[in-house]
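Step one of this worksheet: look at the structure below.
Number of protein chains: 2
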Amino acid sequence: MATAQGQWQDAMADAAVLVSPARLEHFVAAALRAAGTADEAAGAVARALASTSLRGVDSHGVRLLPHYLRVVEGGRVKGRAKIAVETRAPVAAVVDADDGFGHPASYRAVAEGCRLAAANGLAMVSVVNSSHFGAAGCYALEAAGQGMIAFAFGNSDSFVLPHDGVAPFHGTTPIAFAAPVRGERPYLIDMATSIVPWNRVQDYRSKGMPVPEDVAVDAAGRPTTEPADVAALLPLGGRRYGFKGAALASLAEILSAIVTGMPYCAALLPMAGPDVTTPRHLGHFFIVMRPDVLTSLDSYEAGMAAYLADLRRQPAQPGSRVMAPGDREWATLDQRNAAGIPVAPALLGEFAAIAERYRLEPIA
Amino acid sequence: MATAQGQWQDAMADAAVLVSPARLEHFVAAALRAAGTADEAAGAVARALASTSLRGVDSHGVRLLPHYLRVVEGGRVKGRAKIAVETRAPVAAVVDADDGFGHPASYRAVAEGCRLAAANGLAMVSVVNSSHFGAAGCYALEAAGQGMIAFAFGNSDSFVLPHDGVAPFHGTTPIAFAAPVRGERPYLIDMATSIVPWNRVQDYRSKGMPVPEDVAVDAAGRPTTEPADVAALLPLGGRRYGFKGAALASLAEILSAIVTGMPYCAALLPMAGPDVTTPRHLGHFFIVMRPDVLTSLDSYEAGMAAYLADLRRQPAQPGSRVMAPGDREWATLDQRNAAGIPVAPALLGEFAAIAERYRLEPIA
Chain A
0 MATAQGQWQD AMADAAVLVS PARLEHFVAA ALRAAGTADE AAGAVARALA
50 STSLRGVDSH GVRLLPHYLR VVEGGRVKGR AKIAVETRAP VAAVVDADDG
100 FGHPASYRAV AEGCRLAAAN GLAMVSVVNS SHFGAAGCYA LEAAGQGMIA
150 FAFGNSDSFV LPHDGVAPFH GTTPIAFAAP VRGERPYLID MATSIVPWNR
200 VQDYRSKGMP VPEDVAVDAA GRPTTEPADV AALLPLGGRR YGFKGAALAS
250 LAEILSAIVT GMPYCAALLP MAGPDVTTPR HLGHFFIVMR PDVLTSLDSY
300 EAGMAAYLAD LRRQPAQPGS RVMAPGDREW ATLDQRNAAG IPVAPALLGE
350 FAAIAERYRL EPIA
Chain B
0 MATAQGQWQD AMADAAVLVS PARLEHFVAA ALRAAGTADE AAGAVARALA
50 STSLRGVDSH GVRLLPHYLR VVEGGRVKGR AKIAVETRAP VAAVVDADDG
100 FGHPASYRAV AEGCRLAAAN GLAMVSVVNS SHFGAAGCYA LEAAGQGMIA
150 FAFGNSDSFV LPHDGVAPFH GTTPIAFAAP VRGERPYLID MATSIVPWNR
200 VQDYRSKGMP VPEDVAVDAA GRPTTEPADV AALLPLGGRR YGFKGAALAS
250 LAEILSAIVT GMPYCAALLP MAGPDVTTPR HLGHFFIVMR PDVLTSLDSY
300 EAGMAAYLAD LRRQPAQPGS RVMAPGDREW ATLDQRNAAG IPVAPALLGE
350 FAAIAERYRL EPIA
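Residue numbers (numbering that gives the first Met the number 0), protein chains in the order written: chain A, 0 to 363; chain B, 0 to 363.
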């Protein structure tokens, strides 16, 4: 499905060291604990990051560890937050992350959503007073693993132009959707509503490569392909059709921030700092639904199987094949489970410094 | 927001005759009744088409009348369908359209969704055994008019390439989302998951204009800008990033067809015929949620107001302004309520023939 991302991974893997997923997850959890994070929260963050790296989404995987250590040490994120769940209706709950990590609060929200949906067919759950939650897909997948269909939405600070705008407003606000597939791993969509993620630009820069056309703009809002000049990203659809991507970013923003009662994109402190002491109060939003309420489970499962088989057998461009959403991620997972997760030299250096600082066993 | 669509409307309006919205709605309903459609269903279709034309979405407005007359006369769509509602859970209902028009069944589904969500905070409703429902936005808007946030999804037959594919598979499957805004008309997203709608290509052809780059392909799946050669559309994101648009189409397809137990895109009879006697069994899917469950109504309303005001005051490209989703549609509605809805000469000719055939008062 994601050719551009596939090429990206290949390029990144060239100089990388392969590390076992279990080793990485263990290291992430140990480092977070050493920085003052409670066991359960550290485990949830480590699980989210390692599983995301396994699926090949390196932008939201273990590379986030140094950032998370900075913010938990700085006090922006509470390592020992007390997560609280309040049920607001038979099918609605609010999870208060207490300014802790977004990952344990989001896993908790999905667990609550699955419980309420199991009883009632459908549920919505918000997470408030949260921080970065990694890849939205983690939480949609968690629900799909329990036989549920789920949406996950999050927001972030300003990186992306509004349509017809010249300055960043929305974040790269993710939309994730997952659904169970009988006898297979779940169907999975996990996408930013910008054309490319922000850190992709940094990588073009570090490789001395131009950014593709119609993907990014400079500080004056003019199109640029020079990575050093990039000041903001274009929404999905680019200059001409970006009203669609901007609308999707806006939708995710409304669900994550307005419906949850949290600050919206432009009112958020930047993820990157320099302030790493003040909580950011991110919001997340989840919808969980049982697939066997509006039709039978047999009908749902047979329908998914037929649809996915038909999609995957569609004729393809030379040298490629048509994949269903998630296929690329699961292929990467199989490969990385077997061979290890590639960790780039720069990140390996950061991990070595982390190991030394917290007296942990080095990762490689 | 939608510059490309705005230009489009300006171009179309050049040679058009302006007709009052009430006159158009009355004519559509009268023609449908004359073709054997029950009063309530004819009224629902007319309301959907006229309101869609008013918002400037001409592709899904009154231009659909000749097609709807063909299918109701052909027997594909029952003019006197018996809509049945079955509640499957406290927050879930199935509306059986009985092979009638999609519009009355979808309005009914939204009414049921609003009723269930008012009581429980959230609801999902499917429509099964349906036909074309016009613009998905009609139904999200209907819920927003009742103070609810809503998603609407539909599917359609194959027009759009899968990512990396060479032949059409998904439809232009719409995603709509609407939310109430205190003191304003609702926030509205109503978008196809292809870059442009299918009939936009027909219009480029009739105007002798090339199709923009990276929007459409020929019968061999190769990029083309020649309207006469266009055989399929590219998903939002184009050749390089179309995996995102294809994923959104796939998501809408799963909710509209698989979750509802209806046939998926490639298994549907084509909307355009030639068979206009066999029912198509389209599915639609709606989620309705109260905005005052996870946060207070005051918090929601204040949050929306602040977010939208901030978005609308963002600095813009020279000669344009940053709009929120729906702003363009509501501006068009004000203008068309005052001046009338532009009806192109070709459509006016079709309306004249319809008037003669059914002995109706001509529209202009």
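For glycine and all other residues, C-beta sits at the position ideal for the given N, C-alpha and C.
Residues of the stretch 84-112 of chain B with a Cβ closer than 8 Å to any Cβ of chain A, in chain order: 87, 88, 89, 90, 91, 93. Residue pairing by DSSP puts residue 127 of chain A in a beta bridge opposite A:95. With respect to chain B, the C-beta atom of residue 331 of chain A has no partner C-beta closer than 8 Å.
Your pair residue 120 of chain B and residue 91 of chain A checks out as a contact, with CB atoms roughly 4 Å apart and the cut at 8 Å. Contact of residue 235 of chain A with chain B by beta-carbon distance below 8 Å involves 235, 236, 240, 243, 244. For residue 294 of chain B, a Cβ of chain A is located within less than 8 Å of the residue's own Cβ.
Of all residues in the stretch 59-70 of chain B, none has a C-beta nearer than 9 Å to a C-beta of chain A. Annotated three-state conformation of residue 86 of chain B is strand, per DSSP. DSSP, read as helix, strand or coil, puts residue 152 of chain B in strand. Within the DSSP secondary-structure output, residue 216 of chain A pairs in a beta bridge with A:222, A:231.
Counting the other Cβ atoms within 10 Å of the Cβ of residue 313 of chain B gives 16 or more, which makes it buried. Membership of residue 247 of chain B in the alpha helix (DSSP H) is indicated by the continuous run 237-252.
Within the DSSP bridge table, the entry for residue 189 of chain A names A:175 as partners.
Between residue 334 of chain B and chain A, the shortest Cβ-Cβ separation is not below 8 Å. For residue 315 of chain A, the three-state secondary structure derived from DSSP is strand.
Under a criterion of Cβ atoms nearer than 8 Å, the residues of chain B adjacent to residue 263 of chain A are, in order, 302, 305, 306, 309. Around the Cβ of residue 48 of chain B, a 10 Å sphere holds 16 or more other Cβ atoms; the residue is buried. Closer than 8 Å to the CB of residue 82 of chain B there is not a single CB belonging to chain A. Contact annotation: residue 101 of chain B and residue 84 of chain B have beta-carbon atoms that are not nearer than 8 Å.
For residue 209 of chain B, same chain residues with a beta-carbon under 6 Å away, outside a window of 5 residues either side, are 224 in chain order. Judged by DSSP secondary structure, residue 78 of chain A falls outside any beta strand (DSSP E); it is assigned neither H nor E. Within 7 Å of the CB of residue 184 of chain A, no CB atom of chain B is found; the nearest one sits about 16 Å away. Assigned with DSSP and collapsed to three states, residue 288 of chain A falls in strand. Within 8 Å of the CB of residue 163 of chain B, the CB atoms of chain A belong to 0, 2, 315, 316, 319, 320, 321, 322, in sequence order along the chain. DSSP, reduced to helix, strand and coil, places residue 340 of chain B within a strand of the structure shown. Note that the C-beta distance between residue 220 of chain A and residue 164 of chain A is below 8 Å. Within chain B, 242, 243, 246, 247 have C-beta atoms less than 9 Å from the C-beta of residue 190 of chain A, given in sequence order. Contact with chain A is absent for residue 226 of chain B, since none of that chain's Cβ atoms lies less than 8 Å from the residue's Cβ.
With respect to the 8 Å criterion, residue 192 of chain A and residue 234 of chain A are classified as neighbours on the basis of their beta carbons. Chain A places a beta carbon closer than 8 Å to that of residue 178 of chain B, counting this residue as a contact. By the neighbour-count definition (other C-beta atoms within 10 Å, threshold 16), residue 38 of chain A is an exposed residue. Within the same chain, Cβ atoms closer than 6 Å to the Cβ of residue 53 of chain B are found at 20, 332, 335, the five residues on either side in sequence being excluded. Among the CB atoms of chain A, none fall inside 8 Å of the CB of residue 270 of chain B.
Against chain B, the CB of residue 198 of chain A has no partner CB under 8 Å away; the residue lies outside that interface. Using a Cβ distance threshold of 8 Å, residue 269 of chain A and residue 156 of chain A count as a contacting pair.
Nearest neighbour of residue 311 of chain A by Cα position, chosen from A:326, A:339, A:299, A:350, turns out to be A:326.
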